[in-house]
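Quick note on my numbering: the sequence shown kicks off at 42 and runs consecutively. Every residue gets a Cβ at the ideal spot worked out from N, C-alpha and C, and that includes glycine. Note that the structure is a prediction, hence the values are computed from the model and not measured. Report on one structure; see the data block that follows.
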Amino acid sequence: MDFEFGGADEVFRAEAREWLTGHLVGAYAQLVGVGGPGSEHEGAPGRRDWERELGGGGWIGLGWECAEGAYGNRVASLTQQVVWAEEYARAGAPGRVGHIGENLLAPTLLAAGDEAQRRRFLPAIARGEELWCQGYSEPEAGSDLAGLRTVAVRDGGGYRVSGQKIWTSLAQEADWCFVLARTDRGERRHRGLSFLLVPMDQPGRIEVRPIRQMSGTAEFNEVFFDGARAPHVVGGEGAGWRVAMGLLARERGVSTLVQQIGFAAELAAVIEAAVRGGALRDPVLRDQLVRQWAELKVMRWNALRTLGAAGDAGAPSVAKLLWGGWHQRLGELAMRVRGAAAALGPVDWTARAPYELDALQRLFLFTRADTLYGGSDEIQRNIIAERVLGLPRLER
Numbered sequence: 042m043d044f045e046f047g048g049a050d051e052v053f054r055a056e057a058r059e060w061l062t063g064h065l066v067g068a069y070a071q072l073v074g075v076g077g078p079g080s081e082h083e084g085a086p087g088r089r090d091w092e093r094e095l096g097g098g099g100w101i102g103l104g105w106e107c108a109e110g111a112y113g114n115r116v117a118s119l120t121q122q123v124v125w126a127e128e129y130a131r132a133g134a135p136g137r138v139g140h141i142g143e144n145l146l147a148p149t150l151l152a153a154g155d156e157a158q159r160r161r162f163l164p165a166i167a168r169g170e171e172l173w174c175q176g177y178s179e180p181e182a183g184s185d186l187a188g189l190r191t192v193a194v195r196d197g198g199g200y201r202v203s204g205q206k207i208w209t210s211l212a213q214e215a216d217w218c219f220v221l222a223r224t225d226r227g228e229r230r231h232r233g234l235s236f237l238l239v240p241m242d243q244p245g246r247i248e249v250r251p252i253r254q255m256s257g258t259a260e261f262n263e264v265f266f267d268g269a270r271a272p273h274v275v276g277g278e279g280a281g282w283r284v285a286m287g288l289l290a291r292e293r294g295v296s297t298l299v300q301q302i303g304f305a306a307e308l309a310a311v312i313e314a315a316v317r318g319g320a321l322r323d324p325v326l327r328d329q330l331v332r333q334w335a336e337l338k339v340m341r342w343n344a345l346r347t348l349g350a351a352g353d354a355g356a357p358s359v360a361k362l363l364w365g366g367w368h369q370r371l372g373e374l375a376m377r378v379r380g381a382a383a384a385l386g387p388v389d390w391t392a393r394a395p396y397e398l399d400a401l402q403r404l405f406l407f408t409r410a411d412t413l414y415g416g417s418d419e420i421q422r423n424i425i426a427e428r429v430l431g432l433p434r435l436e437r
């Protein structure tokens, strides 16, 4: 199989590289390398301005399946989307605070929303003006999403939402949240759910509480809804499970390749630490590093092989199993190559800053969650067993 890019892709690459070089200057130059995994909270105000800069250049919504320029975005082929992601990572551009709206909600609206919803929300996302968060998981319904307890009742032309969501990334920055809630209390499990769009600026009705993690940072949040207004339902009342599952299936393809570019940079940092500290003299560690490199190459080839493929029920679960375990093992390797020094922080303890970590320590702690969030490994294996292999469904 040919994994090379064509001439048009390389022209697009030159355009992307030139734009990034010309715009990652001034105040934006200070954002280079900011906002990766484990530090998504850093530099949020400046990164929000950067979203508007990207929107002004037409670089948001490259993968939307719509007429070019219909919502203020440019349209690029799948390979050009990969090229843009590679150049974005190569430039060290800041972590995206708009990726949930661009890569999850927008394709969902294009597939299941109505034209009024598309025209209301897609231009604002394409301009980098409105940020989104995802209201799925709950304290009693994480991997078992169908067991959620958040409810919504009709109120005029919309709904009122009450309940709690957890592990909500970027909720403290978001303008809107797409929420999966039960609109028919007479139904059970995945029936009677609806996919609602909720504005976050509702004082007294929505409360966001950051969750401090063992890494010392707070990427995730609890969100409490107390009769919050939800003026939009996507796909119709009761169609929430179908819409939500369609959204989760889009967390692959180009987004997986973008993720792998970040993984490659983290692996390079771990190898550099191994060289600098002399850990490469250990043949076991050296073999583990080589294995990590080889597995990352295989993940990339698999992602390119399945790029744009439709109807493969197991592909998202296979991808999640591959990268979750790989990234977690990388975090463990980051500590092994450091040896005893891995237990020491980069600065001395003080009362004002008692908990400082360096990048590799944050990588190790953050990756403990990789096999849990986004659907645990056990859930992914169940999906593959039931939907691909045709094994009997697990009784719930």
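Range covered by the beta strand (DSSP E) that runs through residue i
i    : result
V275 : 273-275
P240 : 234-240
Buried or exposed by the 16-neighbour rule on C-beta atoms within 10 Å, applied to residue i
i    : result
G450 : Nothing can be reported for residue 450, as the shown portion of the chain is limited to 42 through 437.
G276 : buried
Q71  : exposed
Q301 : buried
G47  : exposed
R190 : exposed
M286 : exposed
R195 : exposed
T391 : exposed
A360 : buried
T209 : buried
M42  : Its pLDDT being 46, under 50, M42 is placed unreliably in this model, and the coordinates cannot settle the point.
Y396 : exposed
T297 : buried
A68  : exposed
A55  : exposed
L398 : buried
K338 : exposed
M340 : buried
A314 : buried
P86  : exposed
A335 : exposed
L430 : exposed
E156 : exposed
Which residues DSSP lists as bridging residue i, in chain order
i    : result
K206 : V264
R168 : R168 is not bridged to any residue.
R332 : Partner(s): none; R332 has no beta bridge.
F405 : BP columns for F405 are empty, so no partner.
R201 : V194, R270
I247 : F266
C107 : In DSSP, C107 forms no bridge with anything.
W173 : W217
N- and C-terminal bounds of the alpha helix (DSSP H) containing residue i
i    : result
A49  : 48-64
Q121 : 119-131
L151 : 147-153
L95  : 85-97
As assigned by DSSP and simplified to three states, the class of residue i
i    : result
L221 : strand
I252 : strand
Y414 : coil
V284 : helix
V429 : helix
D196 : strand
W100 : coil
A157 : helix
N343 : helix
L211 : coil
V75  : coil
G318 : helix
N423 : helix
L114 : Looking at the sequence itself, residue 114 is Asn, so the reference to Leu does not match. Correct three-state label for N114: coil.
H140 : helix
T297 : helix
A306 : helix
G279 : coil
P324 : helix
E397 : coil
L189 : coil
A259 : coil
Unbroken stretches of the beta strand (DSSP E), 3 residues or longer, contained in the region 352-394: Runs found: none.
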